[in-house]
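Chains as they are written, first to last, in our numbering: chain A, 234 to 548; chain B, 7 to 103. What follows is one structure encoded as structure tokens, with my remarks underneath.
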Amino acid sequence: MSVALALDAGLALLVLCVAVWTIGAGPTFAAVVGFVAFGLLLALVWVRLAAVDVALTEAAIGSGVTGAVLIAAAARLRLTEAPSAAERPSATLRLAAVVLCVLVFAGLAGLVLYPANPAPTLAPAAAVHLPELDVGNAVTAVLLAYRSVDTLLEKVVLLLALVGVWSLAPDRFWGGAPGILRPARTDGALVLLGRLLPPIGIVVGVYILWVGAIAPGGAFQAGAILAAMWLLVMIAGLRDPPEIGHRWVRLLLVAGPAVFLAVGLAGFALPGGFLSYPAGHAKPLIIAIEAVLTLSIAVILGLLVAGPPERERRR
Amino acid sequence: MRVLLDIAMVLAVSAGAFFFLAGTVGLLRFPDSLTRLHALTKADNLGLGLVVLGLLPQADGYLAALKLVAVWLLAQLAGATVSQMIARTMRRGGQRA
Numbered sequence: 234m235s236v237a238l239a240l241d242a243g244l245a246l247l248v249l250c251v252a253v254w255t256i257g258a259g260p261t262f263a264a265v266v267g268f269v270a271f272g273l274l275l276a277l278v279w280v281r282l283a284a285v286d287v288a289l290t291e292a293a294i295g296s297g298v299t300g301a302v303l304i305a306a307a308a309r310l311r312l313t314e315a316p317s318a319a320e321r322p323s324a325t326l327r328l329a330a331v332v333l334c335v336l337v338f339a340g341l342a343g344l345v346l347y348p349a350n351p352a353p354t355l356a357p358a359a360a361v362h363l364p365e366l367d368v369g370n371a372v373t374a375v376l377l378a379y380r381s382v383d384t385l386l387e388k389v390v391l392l393l394a395l396v397g398v399w400s401l402a403p404d405r406f407w408g409g410a411p412g413i414l415r416p417a418r419t420d421g422a423l424v425l426l427g428r429l430l431p432p433i434g435i436v437v438g439v440y441i442l443w444v445g446a447i448a449p450g451g452a453f454q455a456g457a458i459l460a461a462m463w464l465l466v467m468i469a470g471l472r473d474p475p476e477i478g479h480r481w482v483r484l485l486l487v488a489g490p491a492v493f494l495a496v497g498l499a500g501f502a503l504p505g506g507f508l509s510y511p512a513g514h515a516k517p518l519i520i521a522i523e524a525v526l527t528l529s530i531a532v533i534l535g536l537l538v539a540g541p542p543e544r545e546r547r548r
Numbered sequence: 007m008r009v010l011l012d013i014a015m016v017l018a019v020s021a022g023a024f025f026f027l028a029g030t031v032g033l034l035r036f037p038d039s040l041t042r043l044h045a046l047t048k049a050d051n052l053g054l055g056l057v058v059l060g061l062l063p064q065a066d067g068y069l070a071a072l073k074l075v076a077v078w079l080l081a082q083l084a085g086a087t088v089s090q091m092i093a094r095t096m097r098r099g100g101q102r103a
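As structure tokens, this is what we get:
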């Protein structure tokens, strides 16, 4: 017990130190590296809290995909970094930041010092209906059955984020291919990795999706892994990013949310409610929705990292 | 037999931890980026390999053991690729650090 406690305390201390270092780091790129390390350590914390689903998501999305987006952003900002370093936020802004930080700290301290007893939980209620859904993983049940409208909206938000990135494109490049970040010269080691890793990564991604019904895993994590493999292939220069005006790209982007919405609307006709599944068919429907969602999430995340189009569309 | 396996595990994992420690010391103490990279990758591959070797007898069946070995191989592949890329960038006169 005491060894585990010491390990946990060390881990918590490490997370705090990396967080402080990330905020204090000078160059943007160094801060991004700190952020990625912070995310991976945070994933370990979630594992220690027995929330493996959250840990997988944190490692894949919070650290991996967000880290890739931030590295691309840091590379684009490099030209303007030196002039902007001299700028300082106004006194009012800094004061507002201090007040907000103190409020958050006070709230957290209050929660830790005076915890509700017994702690409020919906876990028993979530577990009671698992047999009806035939889904073994309570997190998947929450995401795709109890609170499926949240998950549906979340996917729409992802699409909106991609539209936001695309809207940064100049008019003449609209519909063209994104200019993904690449090493200046083709790197043999990277090309080798780009050929070796994707077959393994695709198997792992499909496994994470499939196992999500009964164990930690699911569409978001699987989609992030597939996106990572696709990005690796593109960064290694083995395949070019697709033109965003292509019909199959658009189809793949909306396929997941569209299928989700169609199943939801069908719920009105059959069991009598938006996003309610017919009795006995919940599990196949959930797996089908997750499978299509995984593809869409992979394409959305990949294109989010690839950035706005930078080449003219080939006619 | 059980005791022997446990002793082997403790020895291998400790040796792995030692290599991680040595790699970290090298990372902090070596004078330039190439030697630091050398310390880091050698220690990571060997250290993680020894930890995995020590944990193999404790694994829950052949499949779990296979997963452990796969983790080691994938970490080696990623580490080797990244260190190659960093080293090449430096040889081409990229950032000095």
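Every residue, glycine too, gets a C-beta built ideally from N, C-alpha and C.
- Listed as beta-bridge partners of A:P542 by DSSP are A:P411.
- Here A:A301 has V538 as same chain residues with Cβ atoms under 6 Å from its own Cβ, once five neighbours each way along the sequence are excluded.
- Contact between the region 480-500 of chain A and the region 415-424 of chain A is not established, with fewer than three Cβ pairs separated by less than 8 Å.
- For A:R327, the enclosing alpha helix (DSSP H) covers residues A324 to L346.
- Assigned with DSSP and collapsed to three states, A:I477 falls in coil, not helix or strand.
- The way I'd put it, the region 461-472 of chain A doesn't touch the region 501-521 of chain A; fewer than three beta-carbon pairs between them come closer than 8 Å.
- Taking CB atoms only, B:T87 has a neighbour in chain A less than 8 Å away.
- Between the beta-carbon of A:L274 and that of A:L244 there is about 7 Å, and that keeps the pair under the 8 Å contact cut.
- The C-beta of A:L426 comes closer than 8 Å to at least one C-beta of chain B.
- Following the DSSP letters along the chain, one finds B:Y68 inside the alpha helix (DSSP H) bounded by residues G67 to R97.
- Within 7 Å of the CB of B:Q90, the CB atoms of chain A belong to A422, in sequence order along the chain.
- Looking at the backbone, the Cα of A:V444 and that of A:G513 are separated by about 20 Å.
- In the structure shown, A:I447 adopts coil according to DSSP, grouped into three states.
- Annotated as proximal: A:V525 and A:V492, with beta-carbon spacing under 8 Å.
- In terms of CA proximity to A:L425, A:M462 leads the group A:V389, A:M462, A:L246 and A:L401.
- Annotated three-state conformation of A:D241 is helix, per DSSP.
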